[in-house]
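One gets our numbering by counting positions in the sequence shown from 1 and adding 214 to each.
No residue lacks a Cβ here, since even glycine has one placed at the ideal position from N, Cα and C.
Below: the structure, in structure tokens.
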Amino acid sequence: SGPGEMGRAYKVTDNNPEVKKQIKDGWDKHAFNHYVCEKISLHRNLGDKRDQECKARKWRKPLPDTSVIIIFHNEAWCALLRTVHSVLENSPGILLKEIILVDDASTMEHLGSKLTDYVSKLKVVKIIRLRSRAGLIRARLAGAREAEGAVLTFLDSHCECAPHWLEPMLERIAEDNTRVVCPVIEVIDSDTFAMSLTTARAVQTGILTWSMGFNWTPRKPAGGVRNDAALPSATMAGGLFAMSRDYFYHLGSYDNDMLVWGGENIEMSLRIWMCGGTLEIHPCSHVGHVFRKRAPYSHPGGSDVITHNNKRVAEVWLDEYKEQYYRRVPRARTIDAGDLTPRIKLRKALHCRSFKWYITNIYPDLYATPKKDILYSGEWHNQAREGKYCLDSANPDGKIGVKMTMYVCHGMGVNQDFDFTRNGEIRHSYVKELCLQPSGNSVVTFAC
215 SGPGEMGRAY KVTDNNPEVK KQIKDGWDKH AFNHYVCEKI SLHRNLGDKR DQECKARKWR
275 KPLPDTSVII IFHNEAWCAL LRTVHSVLEN SPGILLKEII LVDDASTMEH LGSKLTDYVS
335 KLKVVKIIRL RSRAGLIRAR LAGAREAEGA VLTFLDSHCE CAPHWLEPML ERIAEDNTRV
395 VCPVIEVIDS DTFAMSLTTA RAVQTGILTW SMGFNWTPRK PAGGVRNDAA LPSATMAGGL
455 FAMSRDYFYH LGSYDNDMLV WGGENIEMSL RIWMCGGTLE IHPCSHVGHV FRKRAPYSHP
515 GGSDVITHNN KRVAEVWLDE YKEQYYRRVP RARTIDAGDL TPRIKLRKAL HCRSFKWYIT
575 NIYPDLYATP KKDILYSGEW HNQAREGKYC LDSANPDGKI GVKMTMYVCH GMGVNQDFDF
635 TRNGEIRHSY VKELCLQPSG NSVVTFAC
């Protein structure tokens with residue numbers, strides 16, 4: 215019963231100034247509590263807390279083997295190695311072809327020869343080292359090129375796999391190799407490293423916003439759906455998923471002209487659904503992930519990189535609906551998206567469906583107000599404050615009942631973009647399509 219065992223929180227009670235300094239330095243360097251991360255065993259036992267239906271399942275045999283691909287850049291030793299050991303210790307050996315660690319030009323000393331020596335003692339683990347910073351997308355492509363497993367499983371470098379995380383995903387792919395399957399992504403607290411498992415009924419699925427952002431939504435109540443049944447998901451978060459290696463390449467792998475990271479998950483989600491595949495989350499597969507409030511390192515290109523990538527998604531996949539994206543992210547109109555020809559050709563070669571089909575059949579909640587019904591759209595300036603402050607949703611989760619605020623006008627649209635319709639509604643759809651209504655002295659969101 216060591217620190218953090220069974221996924222329990224580890225709370226620091228030592229008020230020693232030296233300990234406090236170590237904690238602060240760890241947060242500054244890694245954007246999580248590195249002091250706590252180091253205290254917890256690399257072989258932490260999370261226990262088997264799956265739903266009873268999942269525990270009772272007998273997974274079909276034989277199942278395809280997999281290459282687990284993990285990209286890292288200046289990752290903490292404790293986080294990276296606990297990820298590796300959780301894969302090794304919670305995956306049937308016959309199914310784990312290899313673990314491929316792709317070093318995206320790390321500069322921290324512990325990730326050099328010390329790591330090479332350590333993993334040389336782990337039979338199925340190998341390291342690929344990239345000489346210059348490639349970013350997540352190209353680093354994953356480098357890992358995939360080296361992979362020999364029938365299935366590619368991608369993980370981030372600060373994860374922990376729960377018992378029997380792998381078999382449910384591999385079974386779905388064995389039955390139909392056009393299925394792309396994600397585990398339930400559990401939150402590992404960035405301060406205490408506590409991790410608990412979501413029950414099947416509480417599993418959320420992925421959605422997208424008109425600004426090409428990703429979000430979660432509660433699963434729709436469905437009578438007769440078993441707790442161990444895979445759930446269709448309109449999008450995936452992108453960090454953790456399994457996919458047939460053959461289908462990965464058949465479908466066009468990643469868009470190689472996307473930069474660093476951001477937007478690749480939405481692009482792949484749309485491509486999977488529109489080009490004949492299915493995207494699922496399996497409630498019997500659980501992988502923990504340390505969610506950090508900031509990236510601990512800089513990304514070359516900053517926010518322009520994500521806008522560049524999202525514009526590529528809009529131009530290739532949204533058809534006539536791309537204007538919905540540009541209305542919400544007007545600065546994207548002037549960003550160079552690069553050469554789109556290869557991806558447009560790919561879409562044609564795969565005989566992909568239209569985006570209208572996607573929002574009709576896969577994510578009908580993505581409402582687009584007809585253009586003819588919009589009288590005015592854009593920012594709402596507060597003239598009492600010299601027009602420098604705008605109405606702002608400050609509502610990144612798209613929740614109902616949230617008060618509107620006034621914030622300095624930034625001209626980027628998104629959370630400051632509103633429509634005034636013929637019906638007298640003020641609509642806002644940064645995350646979900648919401649309307650505004652008065653509530654006492656405030657203005658709050660509600661379902662249209």
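| query | result |
| --- | --- |
| Cβ neighbours of N524 in the same chain (closer than 8 Å, five flanking residues each side left out) | S425, M426, G476, G477, I480, Y539, V543, A546 |
| Burial state of A661, where buried means 16 or more other Cβ atoms lie within 10 Å | exposed |
| Neighbour flag for T492 against chain B, beta carbons, 8 Å | Structure shown: chain B not included; a single protein chain is present. |
| H163 vs H503 beta-carbon contact at 8 Å | Residue coverage of the chain in this structure runs from 215 to 662, which leaves residue 163 outside it and unanswerable. |
| Rounded C-alpha distance that separates N629 from K234 | 37 Å |
| For D633: DSSP bridge partner residues | S591, R641 |
| Chain-order list of residues whose beta-carbon lies under 7 Å from that of R561 (same chain, five-residue window excluded) | V530 |
| R506 versus F246: straight-line alpha-carbon distance, rounded | 6 Å |
| Residues near D279 in its chain [Cβ-Cβ closer than 8 Å; skip 5 each side] | I308, L309, L310, K311, G363, A364, V365 |
| Within the region 475 to 510, ranges of the beta strand (DSSP E) (whole runs, at least 3 residues) | 492 to 504 |
| R393 versus L493: straight-line alpha-carbon distance, rounded | 6 Å |
| Identified DSSP bridge partners for D651 | A small correction: the amino acid at residue 651 is Gln; Asp does not occupy that position in the sequence shown. Answer is V658. |
| Local conformation of C566 per DSSP, three classes | coil |
| Beta-carbon proximity of I614 to T548, cut-off 8 Å | no |
| Beta-carbon proximity list for G552, same chain, < 6 Å, skipping 5 on both sides | D471 |
| Same chain, Cβ closer than 6 Å to W430, five either side skipped, listed in chain order | Q418 |
| Cβ shell of L260 (< 6 Å), same chain only, five flanking positions each side left out | G221, A376 |
| Stretch-stretch touch, CB-based, cutoff 8 Å, three pairs: the region 325 to 343 with the region 248 to 259 | no |
| For R599, the three-state DSSP class (helix, strand or coil) | helix |
| Which listed residue (G349, L411, W273) has its alpha carbon closest to that of A388 | W273 |
| Host beta strand (DSSP E) of M457 (start-end) | 455 to 458 |
| Cβ-Cβ distance between G490 and A451 below 8 Å | no |
| Reference P556, options W487, D533, Y577, D469, closest by Cα | D469 |
| 4 or more residues per run - each alpha helix (DSSP H) lying fully within the region 516 to 573 | 517 to 531, 536 to 542, 555 to 563 |
| Contact set for E303: own chain, Cβ-Cβ below 8 Å, skip 5 residues either direction | H257 |
| Bounding residues of the beta strand (DSSP E) (the contiguous stretch that carries N304) | First-last for N304: 291 to 304, but that is the alpha helix (DSSP H), not the beta strand (DSSP E). |
| Beta bridge counterpart(s) of D579 as assigned by DSSP | In DSSP, D579 forms no bridge with anything. |
| CA-to-CA distance, P652 to S607, given in whole angstroms | 14 Å |
| Collapsed DSSP secondary structure at V622 in the structure displayed | strand |
| Whole-Å CB distance - V339 paired with L315, under 8 Å assumed | 7 Å |
| For S255, the three-state DSSP class (helix, strand or coil) | coil |
| Closest Cα partner of W571 within the set A448, D228, S404 | A448 |
| C-beta contact flag for C268 and D442 at 8 Å | yes |
| Every unbroken beta strand (DSSP E) inside the region 362 to 443 [3 residues or more] | 365 to 369, 373 to 375, 393 to 402, 418 to 422, 428 to 432 |
| Identity of the residues DSSP links to P446 by a beta bridge | E494 |
| Contact under 8 Å by Cβ, F455 with A358 | no |
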